[in-house]
Amino acid sequence: MIQINNLSFGYSRKSLLFRNLNLRLQEGHIYGLLGKNGAGKSTLLKNMAGLVFPLEGSCQVNGFDASKRYPAMLQDLYFIPEEIYMPALTARQFVANTAPFYPFFDEDVFYSYLSEFDVPQHAVFNKLSFGQQKKAIIAFGLATNASVLIMDEPTNGLDIPSKVQFRRIIASALTENRCIIISTHQVRDLDSLIDTLVVVHDREIVLNESLDAISERLTFTTIPESESSNALYTEDALRGKQAILPNLLGNYSKVDMELLFNAITSGNTSVTEILQRPQYEKSL
Amino acid sequence: MEFKENEPIYLQIAAHVCDQILLGKWAAEDKIPSVRDLAVSFQVNPNTVMRTYEQLQNQEVIYNKRGIGFFVTPDAVRKVKAQRKERFLQQDLPEFFHNLFLLEIDLEEIQQRYEAFKTENYESEIEQKP
Numbered sequence: 001m002i003q004i005n006n007l008s009f010g011y012s013r014k015s016l017l018f019r020n021l022n023l024r025l026q027e028g029h030i031y032g033l034l035g036k037n038g039a040g041k042s043t044l045l046k047n048m049a050g051l052v053f054p055l056e057g058s059c060q061v062n063g064f065d066a067s068k069r070y071p072a073m074l075q076d077l078y079f080i081p082e083e084i085y086m087p088a089l090t091a092r093q094f095v096a097n098t099a100p101f102y103p104f105f106d107e108d109v110f111y112s113y114l115s116e117f118d119v120p121q122h123a124v125f126n127k128l129s130f131g132q133q134k135k136a137i138i139a140f141g142l143a144t145n146a147s148v149l150i151m152d153e154p155t156n157g158l159d160i161p162s163k164v165q166f167r168r169i170i171a172s173a174l175t176e177n178r179c180i181i182i183s184t185h186q187v188r189d190l191d192s193l194i195d196t197l198v199v200v201h202d203r204e205i206v207l208n209e210s211l212d213a214i215s216e217r218l219t220f221t222t223i224p225e226s227e228s229s230n231a232l233y234t235e236d237a238l239r240g241k242q243a244i245l246p247n248l249l250g251n252y253s254k255v256d257m258e259l260l261f262n263a264i265t266s267g268n269t270s271v272t273e274i275l276q277r278p279q280y281e282k283s284l
Numbered sequence: 001m002e003f004k005e006n007e008p009i010y011l012q013i014a015a016h017v018c019d020q021i022l023l024g025k026w027a028a029e030d031k032i033p034s035v036r037d038l039a040v041s042f043q044v045n046p047n048t049v050m051r052t053y054e055q056l057q058n059q060e061v062i063y064n065k066r067g068i069g070f071f072v073t074p075d076a077v078r079k080v081k082a083q084r085k086e087r088f089l090q091q092d093l094p095e096f097f098h099n100l101f102l103l104e105i106d107l108e109e110i111q112q113r114y115e116a117f118k119t120e121n122y123e124s125e126i127e128q129k130p
């Protein structure tokens with residue numbers, strides 16, 4: 001679906017944001033893209049959407065070079081940036097202007113998403129609150145039925161009920177031939193939706209692994225303050241320490257995405273080493 | 001539904017489906033909610049529910065009519081009960097015995113308490129049982 005090969009990118013050649021980056025994203029999955037501020041999450045997404053071009057290497061979407069911006073690629077991809085600028089149009093006018101670029105667009109589905117999100121159909125988009133605007137554009141993006149859906153911080157600005165509606169709508173939108181990529185800092189918002197975690201750190205993709213595979217190899221738990229155990233990473237918590245340990249017994253624990261992210265971006269390599277180790281060595 | 005942290009979500013959803021079957025809300029040969037519908041109501045990734053349904057299919061609790069959906073097997077209640085009994089005997093009972101042993105509780109006392117518990121809680125159901 002999305003294939004990035006040896007991509008290097010920087011807004012100037014002197015300071016590269018990515019160097020020789022490789023990434024492959026497949027249909028039928030919801031990817032959670034995590035990275036610190038300034039790590040280049042949004043820039044990576046813009047490379048996929050053909051909004052910026054790689055300095056070296058390539059980014060292919062459905063077999064098309066994203067930087068070529070062929071209509072055949074763009075009609076099957078929808079990108080929702082973090083900051084949106086909505087025109088002074090109603091939903092119906094917006095459809096008339098924009099939907100013709102998306103041959104698989106479903107108008108009825110668009111209106112049903114809008115009403116599910118409590119966005120008034122007859123309002124002028126740029127008069128709505130930020131959260132309402134965001135929901136309107138999410139509804140439109142999903143209704144294009146594009147096979148690649150890229151969302152940069154979609155839950156920013158959404159109120160509590162809207163987040164629940166967002167999760168329901170995304171759950172219903174994932175199909176076998178769709179690939180949904182969501183960058184987020186609010187991992188708890190999307191906890192049970194994301195199936196694969198992608199972490200960008202230090203100009204590279206340091207993790208691209210399904211949550212199932214992660215919980216097979218790592219245990220997330222709380223250990224007593226005094227315990228000197230085989231923890232790979234710990235953080236002080238209210239009682240004891242939150243810890244990541246190798247999963248030696250094959251017991252299940254829910255992946256704590258925040259803890260894992262902190263472990264990886266703190267420069268701790270033991271966690272990523274275990275995750276990258278080939279499966280057959282797991283029991284060693 | 002709030003999910004527990006110590007058990008995979010797909011297994012928790014499987015337990016929910018089995019509960020519906022044991023409670024008789026979903027009877028034999030009933031069509032059960034689609035993967036998508038269940039994913040939406042639990043706000044989870046549809047792949048998670050797919051994994052639940054694959055497991056329940058392997059356990060012959062549900063079956064797939066291609067292109068139509070998933071249905072409860074005629075034998076589902078018996079299958080679910082057998083599995084739960086197995087799990088109870090394997091996991092819960094040893095712990096229970098452990099406590100009986102530690103606390104020196106007599107099996108006769110347990111027997112009495114169990115009878116009292118049954119009449120207190122399940123009186124109507126006991127009368128209905130053949």
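Chains F and S, in that order, give the protein sequences. Taking full-length UniProt numbering, the leading residue of the first sequence gets 1, the next gets one more, and so forth. Taking full-length UniProt numbering, the leading residue of the second sequence gets 1, the next gets one more, and so forth. Yeah, the Cβ is synthetic: ideal placement off N, Cα and C, and Gly gets one too.
Where residue i sits in the DSSP three-state scheme
i, result
"F97(S)", "helix"
"R19(F)", "strand"
"M73(F)", "helix"
"N45(S)", "coil"
"N145(F)", "coil"
"D19(S)", "helix"
"S115(F)", "helix"
"L284(F)", "Since pLDDT at L284(F) reaches only 43, below the 50 mark, its modelled position is unreliable, and no value is offered."
"N208(F)", "strand"
"Y63(S)", "strand"
"R51(S)", "helix"
"Y114(S)", "helix"
"R217(F)", "helix"
"T272(F)", "helix"
"G10(F)", "coil"
"M86(F)", "coil"
"A243(F)", "strand"
"F261(F)", "helix"
"M1(F)", "coil"
"L51(F)", "coil"
"E78(S)", "A small fix is needed here, since residue 78(S) is Arg in this sequence, not Glu. Three-state result, R78(S): helix."
"S253(F)", "coil"
"K163(F)", "helix"
Beta-carbon contacts of residue i that lie in its chain and below 8 Å, excluding the five residues immediately before and after
i, result
"G57(F)", "I4, N5, N6, L7, S8, N20, L21"
"S215(F)", "N247, Y252, S253, K254, V255"
Proximal residues of chain S, C-beta to C-beta of residue i below 8 Å
i, result
"S15(F)", "Residues of chain S passing the Cβ test: none, with the nearest at roughly 37 Å."
8 Å Cβ cutoff met for residue i and residue j
i, j, result
"L174(F)", "I30(F)", "yes"
"E116(F)", "Q165(F)", "yes"
"N45(S)", "A171(F)", "yes"
"F140(F)", "F94(F)", "yes"
"D189(F)", "K163(F)", "yes"
"A76(S)", "I21(S)", "yes"
"N126(F)", "A88(F)", "yes"
"A49(F)", "V200(F)", "no"
"Q133(F)", "I84(F)", "yes"
"F70(S)", "I32(S)", "yes"
"V109(F)", "A66(F)", "no"
"V187(F)", "G28(F)", "no"
"E176(F)", "L275(F)", "no"
"E227(F)", "S183(F)", "no"
"I138(F)", "I80(F)", "yes"
"R203(F)", "L17(F)", "yes"
"L232(F)", "L245(F)", "yes"
"M151(F)", "L197(F)", "no"
"F220(F)", "L34(F)", "no"
Proximal residues of chain F, C-beta to C-beta of residue i below 7 Å
i, result
"P46(S)", "A171, L174"
"I9(S)", "S192"
Contact list for residue i against chain F, beta-carbon separation under 8 Å
i, result
"R36(S)", "A171, S172"
"Q43(S)", "V164, R167, R168, A171, S192, L193"
9 Å Cβ cut-off: residues of chain S touching residue i
i, result
"residue 366(F)", "As shown, chain F starts at 1 and ends at 284. That puts residue 366(F) outside it, with no answer to give."
Cβ-based neighbour list, residue i, same chain, cut-off 7 Å, excluding 5 preceding and 5 following
i, result
"Q121(F)", "A91, Y111, L114"
"V49(S)", "I13, V35, L38, A39"
"T43(F)", "F9, L17, V52"
"E7(S)", "none"
"E60(S)", "T73, D75, K79"
Per-residue contacts from residue i into chain S (C-beta, under 7 Å)
i, result
"I30(F)", "N45"
Within chain A, the residues that residue i reaches when beta carbons sit closer than 7 Å
i, result
"V40(S)", "Given the protein chain composition of this structure (F and S), no chain A is represented."
Contact set for residue i: own chain, Cβ-Cβ below 6 Å, skip 5 residues either direction
i, result
"S283(F)", "In this predicted model, S283(F) has a pLDDT of only 47, less than 50, meaning its place in the structure is not dependable; the value taken from the coordinates is given anyway. Correct list: empty, nothing qualifies."
"R69(F)", "G50"
"L23(F)", "I4, I205"
"R239(F)", "none"
"Y11(F)", "none"
Open item on the list: So, does the region 15-32 of chain S touch the region 67-83 of chain F, judging by three or more C-beta pairs under 8 Å?
Closed with: Touching, no.
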